[in-house]
Structures are given as structure tokens and as C-alpha cells.
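**Q** Encoded as C-alpha cells, here's the structure I'll be asking about.
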Amino acid sequence: MVQKEIQYIIKTSSISLVVALVISVVLSVITFLFEREFNLDTAFVREFLYGTMMAFMLTLINSTYFDFLTSKVRWNPNKEYQRILAGFLGSIPLSMAGIWLVRFIIEIIIEKKSMDAFWENQIFSNYLGSLIVTFVVLLIYYLITLYKKLQENKFKEQKIIAGNASAQFETLKNQIDPHFLFNSLNVLSSLIEENPENAQRFTTSLSKIYRYVLDQKDKELVPLKEELNFAKTYMKLLSMRFENSLTYSLPDTPIDEDAKVVPLSLQLLLENTIKHNIVSDMQPLHITITMDGDYLLVSNNLQKKEVLQSGSGVGLKNIVSRYSILTEKPVIVDADEANFLVKIPILTKEISLIKNKKYNEVDAYLKAKKQVKDIKDFYGNLISYCFVIPLLAWINYQTSWQFKWFIFPMIGWGLGVAMQAFSVFGYGRTWEERKINELMEKQQNNNQRKWE
Numbered sequence: 002m003v004q005k006e007i008q009y010i011i012k013t014s015s016i017s018l019v020v021a022l023v024i025s026v027v028l029s030v031i032t033f034l035f036e037r038e039f040n041l042d043t044a045f046v047r048e049f050l051y052g053t054m055m056a057f058m059l060t061l062i063n064s065t066y067f068d069f070l071t072s073k074v075r076w077n078p079n080k081e082y083q084r085i086l087a088g089f090l091g092s093i094p095l096s097m098a099g100i101w102l103v104r105f106i107i108e109i110i111i112e113k114k115s116m117d118a119f120w121e122n123q124i125f126s127n128y129l130g131s132l133i134v135t136f137v138v139l140l141i142y143y144l145i146t147l148y149k150k151l152q153e154n155k156f157k158e159q160k161i162i163a164g165n166a167s168a169q170f171e172t173l174k175n176q177i178d179p180h181f182l183f184n185s186l187n188v189l190s191s192l193i194e195e196n197p198e199n200a201q202r203f204t205t206s207l208s209k210i211y212r213y214v215l216d217q218k219d220k221e222l223v224p225l226k227e228e229l230n231f232a233k234t235y236m237k238l239l240s241m242r243f244e245n246s247l248t249y250s251l252p253d254t255p256i257d258e259d260a261k262v263v264p265l266s267l268q269l270l271l272e273n274t275i276k277h278n279i280v281s282d283m284q285p286l287h288i289t290i291t292m293d294g295d296y297l298l299v300s301n302n303l304q305k306k307e308v309l310q311s312g313s314g315v316g317l318k319n320i321v322s323r324y325s326i327l328t329e330k331p332v333i334v335d336a337d338e339a340n341f342l343v344k345i346p347i348l349t350k351e352i353s354l355i356k357n358k359k360y361n362e363v364d365a366y367l368k369a370k371k372q373v374k375d376i377k378d379f380y381g382n383l384i385s386y387c388f389v390i391p392l393l394a395w396i397n398y399q400t401s402w403q404f405k406w407f408i409f410p411m412i413g414w415g416l417g418v419a420m421q422a423f424s425v426f427g428y429g430r431t432w433e434e435r436k437i438n439e440l441m442e443k444q445q446n447n448n449q450r451k452w453e
């Protein structure tokens, strides 16, 4: 844990220093362009270093503060403005405190001024310029954040649509499975001759099942109460089919109106239970659906068939995949020699969509390695630019200041650095490629956290 904190401090400080140097160079160039004079004397060096200290402190404070807001505080995804407002309101006093600290270091520690002179010089106009720079940087940051948020929402929608499409296909395939229909029609045929009243109930239950499938096919989540009512209808249908060979129980506790689950998840679990287990008078199957906190439990006594039907286990994998898109809560599967248990999360209205994608480990390593190399090359080029361009300007100033030739390498090299930044950080590539890199890094971080 300590090592992780140290790595975070080093990373944040390094980025803050690079940003501070870039800001100082840009401000120096702007000063030159407007004032038309460029004196590389002691005063300039001092002002450059002081400006770098100020920019470093402001970048370090605000980046740490925004990291805290993003990673440590849980925000309502439907009220993003709260995080933006907290960012602005919190950044202003923190930035002013940072400016005051830098001014204290410069005037008291470096320039050896008295405390009285220091306090007399603490007027708002001395803070205004730094606050304006901070405000502009914050505005740019939130515009970028808003753009990324919009793109992430599009990505989430596409993932959910893809997951639901797969789920709909799998569910309809299971429901219209010839084996299922064949058995259902056989049962119906027998009931028509033996018990017309039960045949009528069987037909009604069968039609309700198909109606529910059609009604829920376009939904991402459904109320738990509706899913349990569907499960009750589905179990009645199975009971008519297997008679005394199958028993079941459903929760009798009040259901929260906001509780939701993935649609047709119970149908897939119940169908898998029938597929994988022996159901007979000699070996009756007992299915129990209960609630445990924020999980719905589906359990049965385990009596595996010697020969499983084709496609076994696909339904469970489908449920796990859909839940992994919607929440961090895992689908839990627990089995022993006597029982089989599946726990699916019960979600609420305020769910947090999580991007989750599996990657081939070799491809992930190679892509991450290349990304790290590209980032190192970029920062090396940027640091070289920040040191070499001022040196060229100084040489130009000492030799032939009438012709300011250093501007040409400054602009040309600067464009090269900008293009490299676009390439490394993905601003010039498609959004999907950038998202793959982000998800890969998050996946690797999640894997590391599992072992901590």
C-alpha cells in the first residue's frame, strides 16, 4: 500500500512538473509576442522559476483534488453537475492556499522579506492572474471530461445493446428449443385426454411465458417482482410437465419496488437446472428461490445427468456477462456434492454501469508495453523541447537578435510535439481504439488489486 502511494506521488509530481514547465514556456512566449522584447537576464530566469513553482503547485493541488473527487467520492451518475460544481468550488480555496504558500516560500524563505512586508503585499490582485490561469485550465479540463463522458455513455449503450441482443437470442433459442416444445406439446396432448382443465391451465401458462419474453426483450432491467411472477408461472408449467418429480419454493417476503434484475435471468437459470439434472419420481428435483440481502438465490439439489444436452452452461455465462456490464457486483456460483447455488445481484435504479472487457493477456501486454514506450518518448521529447528552445532563444539573443530565427524551430518542433501528443494519447485516432487502451489499463489495475 505504501509503495502504491509513493508511486502515485512520484507520478503526480512528475506530471505536474512537466505541465508547469509547459505553462511557463507558453507564458514566456506570449510575453515576448506582446512586449516585443526578450531579455534572458537574471530577472527573467527568476520570474521563469517563480512562475514554474506557481504552476507546479497549482497543478499538483488541483490534480490531486480531482483524483480524490473521481476515485474516492461516489457520485450520482445522473447528476454529473454536482461533481463539476464541487470541483470548481473546492478548487478556488485550494488554489488560493497554494498561491499563498508559493508566495510565502518566495518572499520569506528565498527573498528574506519580513513578515510585515509579506502581509502588506497580500492583496487580491496578486492572486488574480494565477486564479485566471487556474480557471481556464479547469474549464478545459471539464470540457474534455464532458466529451469523454458523452463518448463513454455511447460506449455503454452499445455494450448493453450488444449484451441484450445476445441474451434475447439465447433466451428465444432456449424457449423455442425443439426439445422444449416437443415435451410441452406431448404434455399438452396427454393433458387434453386425461385432464382438460389442466390442459387449459397449461396452455394459459405457456402463452404467458411467451408473452413475457416478447414484452421484456428490449429492456435492460426489469422489476424483481415481475421476474418472480414470471418464475412462478414458469415453475407451474414445469410442475405440470414433471408432476411430482419437481417441487419449488419462492420468496414470500415483501419485494422492494425499486429492486431490479436482468430480464429473463430466472428463466435461463431454471431451464439450466432442468437441463443439467435428473428429474424423476425416484430422484425428485427441488428448486428454491430466496432473497439474501442484495442477492437473489436460486438453488437446487444436485443430481447431474450423465449425458448433458448440447450448449450446457451457455445460459449461465450469458447472465454473468450481462451483469458484468451493469454492475461491479459479481454473479456468484457455488456448488458442492449435494447442492448447486447461483446468486444474482439485485440492482436498484441508481446503478453504476461498469465497462468490462476480457483481453488476451499476450495482446494486452504487448499493447501496454508499446503504449508505455510511446508515452516515455513523448515526455522525453517534451522535456527536450522545454529546455532546448529557451537555449536556442538565448543563443539567438546573444548573436543576432534582429532576426529572431529561434521562432521557426520553436513552432516546427512544437507542432511535432503536439502531433506526437495526439498520436500517443489517442486524440487523432478513433474513440474505440482509445477506449480499448483505457479498458486494458483498468483491467490490469483490477487484476493487481485482487492480489493486494
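In the working numbering, the protein residues as written are 2 to 453.
Positions of the beta carbon are idealized from the N, C-alpha and C atoms, including for glycine.
Using the Cα positions of V214 and P285, report the straight-line distance between them to the nearest angstrom.
**A** If you number the sequence shown from 1, residue 214 lands on position 213. If you number the sequence shown from 1, residue 285 lands on position 284. Answer to the nearest angstrom: the Cα atoms are 28 Å apart.
**Q** Which value, in whole angstroms, describes the spacing of the CA atoms of A118 and A419?
**A** Residue mapping note: residue 118 aligns to position 117 of the sequence shown, counting from 1. Residue mapping note: residue 419 aligns to position 418 of the sequence shown, counting from 1. Going from the Cα of A118 to the Cα of A419 covers about 43 Å.
**Q** Which one or two residues does DSSP pair with D293 in a beta bridge?
**A** Position 292 of the sequence shown, counted from the start, is the residue given in the question as residue 293. Its beta-bridge partners are Y296.
**Q** Using the beta-carbon count (16 or more within 10 Å), is Y235 buried or exposed?
**A** What you label residue 235 is simply residue 234 of the sequence shown in a count that begins at 1. With 16 or more other Cβ atoms within 10 Å, it is buried.
**Q** To the nearest whole angstrom, what separates the beta carbons of L270 and L238, a pair I think is in contact under 8 Å?
**A** For the purposes of this step, residue 270 is taken as residue 269 along the sequence shown, with counting starting at 1. For the purposes of this step, residue 238 is taken as residue 237 along the sequence shown, with counting starting at 1. The Cβ separation is near 15 Å, so there is no contact.
**Q** Run through DSSP, which three-state label would T53 get?
**A** Taking the sequence shown and counting its residues from 1, the one referred to as residue 53 is at position 52. Three-state DSSP puts T53 in a helix.
**Q** Just how far apart, CA to CA, sit V280 and D68?
**A** Here residue 280 is taken as the residue at index 279 of the sequence shown, counted from 1. Here residue 68 is taken as the residue at index 67 of the sequence shown, counted from 1. Rounded to the nearest angstrom, the two C-alpha atoms are 55 Å apart.
**Q** Considering only the alpha carbon of each residue, which of F57, E338, R47, I107 lies closest to Q13?
**A** By one-based count along the sequence shown, residue 13 stands at place 12. Going by the sequence as given, residue 13 is Thr instead of Gln. Of F57, E338, R47, I107, the residue nearest in Cα terms is F57.
**Q** Contact between the segment 257 to 265 and the segment 298 to 306 is defined here as three or more beta-carbon pairs at a separation below 8 Å; is this criterion met?
**A** No, they do not touch.
**Q** Taking the alpha-carbon positions, what's the S191 to T254 distance?
**A** Working through the sequence shown from its first residue, we reach residue 191 at position 190. Working through the sequence shown from its first residue, we reach residue 254 at position 253. The alpha-carbon atoms of S191 and T254 are separated by roughly 36 Å.
**Q** Please report the Cβ distance between I290 and P252, rounded to the nearest whole angstrom; I am assuming they are in contact, meaning their Cβ atoms lie under 8 Å.
**A** Position 289 of the sequence shown, counted from the start, is the residue given in the question as residue 290. Position 251 of the sequence shown, counted from the start, is the residue given in the question as residue 252. So it is a contact: roughly 6 Å between Cβ atoms.
**Q** Give me the Cα-Cα distance between S25 and Y324, rounded to the nearest whole angstrom.
**A** What you label residue 25 is simply residue 24 of the sequence shown in a count that begins at 1. What you label residue 324 is simply residue 323 of the sequence shown in a count that begins at 1. Between S25 and Y324, the C-alpha separation is close to 48 Å.
**Q** Short of 6 Å in beta carbon distance, which residues of its chain neighbour V103, apart from the five on each side in sequence? Order them along the chain.
**A** Your numbering for residue 103 matches position 102 in the sequence shown. Correct list, in chain order: M54, M55, M58.
**Q** Run through DSSP, which three-state label would Q4 get?
**A** The residue labelled residue 4 in the question sits at position 3 within the sequence shown. DSSP places Q4 in helix when its eight states are reduced to three.
**Q** Look at the alpha carbon of G415 and the alpha carbon of G88, and state the distance between them as a whole number of angstroms.
**A** Translated into the one-based positions of the sequence shown, residue 415 becomes position 414. Translated into the one-based positions of the sequence shown, residue 88 becomes position 87. Taking the straight line from one Cα to the other gives about 31 Å.
**Q** Using a Cβ-Cβ cutoff of less than 7 Å, which residues in the same chain neighbour K233 once the five nearest sequence positions on both sides are dropped?
**A** Here residue 233 refers to the residue found at position 232 when the sequence shown is read from its first residue. Taken in chain order, the residues that qualify are L251.
**Q** Considering S115, what are the terminal residues of the beta strand (DSSP E) in which it resides?
**A** Numbered from 1 along the sequence shown, position 114 holds the residue referred to as residue 115. Neither: S115 is in no beta strand (DSSP E) and is coded neither H nor E.
**Q** Throw me the rounded Cβ distance for the V20 and T60 pair, which I believe falls under 8 Å.
**A** As a first step, residue 20 must be located in the sequence shown, where it is residue number 19. As a first step, residue 60 must be located in the sequence shown, where it is residue number 59. Yes, V20 and T60 are in contact; Cβ-Cβ is about 5 Å, under 8 Å.
**Q** Along the chain, where does the beta strand (DSSP E) containing V463 start, and where does it finish?
**A** In the structure displayed, the chain extends from 2 to 453; residue 463 sits before or after that span and is not available.
**Q** Closest to T274 by CA distance: which of P331, N340, R212 is it?
**A** The residue labelled residue 274 in the question sits at position 273 within the sequence shown. It is N340 whose Cα lies nearest to the Cα of T274.
**Q** To which residues of the same chain is K330 closer than 6 Å at the C-beta, ignoring the five residues directly before and after it?
**A** Position 329 of the sequence shown, counted from the start, is the residue given in the question as residue 330. The answer, listed in chain order, is P346.
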